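Using UniProt numbering, the final residue of the sequence shown is 285, and nothing's skipped along the way. All C-beta atoms in this analysis are idealised placements derived from N, C-alpha and C, irrespective of residue type, glycine included. Since the structure is predicted, the reported quantities are computational estimates derived from the model, not experimental observations. Below is one structure, written out as structure tokens; the observations come after it.
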Amino acid sequence: MLKIALPNKGRLSEEVRELFNDAGLEVRARGERALTASLGGEFEAIFVRAQDIPEFVADGAAQAGVTGWDLVNEAGRELESLMDLEFGRCRLVVAARDESGITRVEDVKDGMRVASCFPRLTQAFFQQRGQKVTVVPVSGAAEIAPHLGIADIVVDLTSTGSTLKMNGLREVSTVLESSARLVAYPGNGAEARRALEELTQALGSVLAARGRRYLMANVPKTSLEQVREVLPGLNGPTVVDVMNGGHFVAVHAVVSSKTLYRTVNALKALGGQGILVTRIERLMA
């Protein structure tokens with residue numbers, strides 16, 4: 001049974017568990033503090049800190065793991081990225097105090113001190129730009145460093161930028177864009193790779209279904225051409241004859257939930273009846 005390293009706490013842990021559960025790989029642990037769990041009887045989960053997952057996977061202690069792309073890059077270990085899980089999105093940015101006069105990364109002068117929880121990425125970023133800075137590693141709350149005189153600027157994670165603004169900081173450059181990734185041990189054998197490919201497909205089918213709905217409706221045959229424009233679907237709507245339906249046919253399509261309101265109203269305007277919308281749990285290409 002393959003081992004999958006998963007975050008043991010936090011928002012990322014919650015979203016990972018939800019994704020695996022939706023994919024039919026229910027997380028079954030003996031208790032809340034259990035260090036391992038069964039994933040639907042197909043895989044074994046080991047729960048560790050998100051920042052330690054790249055090391056566990058790179059060393060072969062787990063065949064795969066889920067953690068932030070920022071943490072994978074900071075670890076600097078050779079890992080195979082299997083898929084972007086599309087949540088936990090954030091950016092690693094350079095930020096300076098509003099009154100510092102630094103409005104762009106070119107304004108950072110040689111010798112300035114940079115506080116960050118990501119010293120490796122920070123050093124590499126400025127080195128690539130030919131800027132000589134002193135990196136001050138911190139374990140958290142980097143945004144306070146400029147106010148305490150510990151550093152001139154910071155390199156920190158942000159999703160909306162609100163925390164930086166709240167602390168009197170402005171973004172001046174983006175170092176890295178991050179999200180949760182499924183990563184794998186590069187030395188996995190053929191059997192492990194096959195199992196992980198199946199896992200990737202299962203997780204991908206859940207992600208593909210999110211934000212989409214399955215729509216069914218009876219529409220007049222005379223309006224079918226216009227209906228096809230309203231319901232493009234994945235490969236166009238499925239059209240089915242309705243028994244004793246007269247001049248009506250049934251159309252089925254996968255539609256975006258973002259445009260659902262307009263889609264339903266457009267179908268009504270074309271004479272659509274018996275409109276039914278349902279959620280999709282998984283969508284396989």
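Proximity to residue 204 across 28, 190, 181, 215 peaks at 181, based on C-alpha coordinates. With respect to the 9 Å criterion, residue 274 and residue 216 are classified as neighbours on the basis of their beta carbons. Listed as beta-bridge partners of residue 3 by DSSP are 44. Beta-bridge partners of residue 80 (DSSP): 184.
Assignment of beta-bridge partners to residue 177 by DSSP yields 91. In this structure, residue 252 and residue 237 form a Cβ contact; the two beta carbons are roughly 6 Å apart against a cut-off of 8 Å. Runs of the beta strand (DSSP E) lying entirely within the UniProt domain "Histidine biosynthesis HisG C-terminal" (209-282) and spanning at least 3 residues, in chain order: 212-220, 238-241, 248-256, 273-279. Per DSSP, the beta bridge partners of residue 67 are 181.
Leaving aside the five residues that flank residue 177 on each side, the residues in its chain whose CB is nearer than 6 Å to its CB run, in chain order, 91. Under DSSP, residue 134 takes part in a beta bridge, and its partners are 113. Within the same chain, Cβ atoms closer than 8 Å to the Cβ of residue 164 are found at 93, 95, 143, 156, 158, 170, 171, the five residues on either side in sequence being excluded.
The residues 28, 44, in chain order, have a CB closer than 7 Å to that of residue 38 in the same chain once the five nearest residues on each side in sequence are set aside.
The residue from 32, 188, 242 with its alpha-carbon nearest to that of residue 81 is 188. The three-state secondary structure of residue 153, taken from DSSP, is strand. Annotation: the continuous beta strand (DSSP E) that includes residue 36 extends over 36-39. For residue 150 and residue 174, the gap between their C-alpha atoms comes out near 22 Å. Of the candidates 4, 70, 73, 4 places its Cα closest to the Cα of residue 42. Less than 9 Å separates the beta-carbon of residue 121 from that of residue 70. Contact between residue 227 and residue 270 holds: CB atoms are separated by about 6 Å, below the 8 Å threshold. No Cβ-Cβ contact shorter than 9 Å links residue 100 with residue 54.
Rounded to whole angstroms, the separation of the alpha carbons of residue 207 and residue 282 is 8 Å.
By the neighbour-count criterion, in which 16 or more other beta carbons inside 10 Å mark a residue as buried, residue 265 falls on the exposed side.
The residues 112, 114, 126, in chain order, have a CB closer than 6 Å to that of residue 133 in the same chain once the five nearest residues on each side in sequence are set aside. Looking at the DSSP output, residue 171 bridges to 95. Boundaries of the alpha helix (DSSP H) around residue 22: 10-22. The beta carbons of residue 63 and residue 72 sit no closer together than 9 Å. Residue 40 and residue 202 have their C-alpha atoms spaced approximately 12 Å apart. DSSP, read as helix, strand or coil, puts residue 160 in coil.
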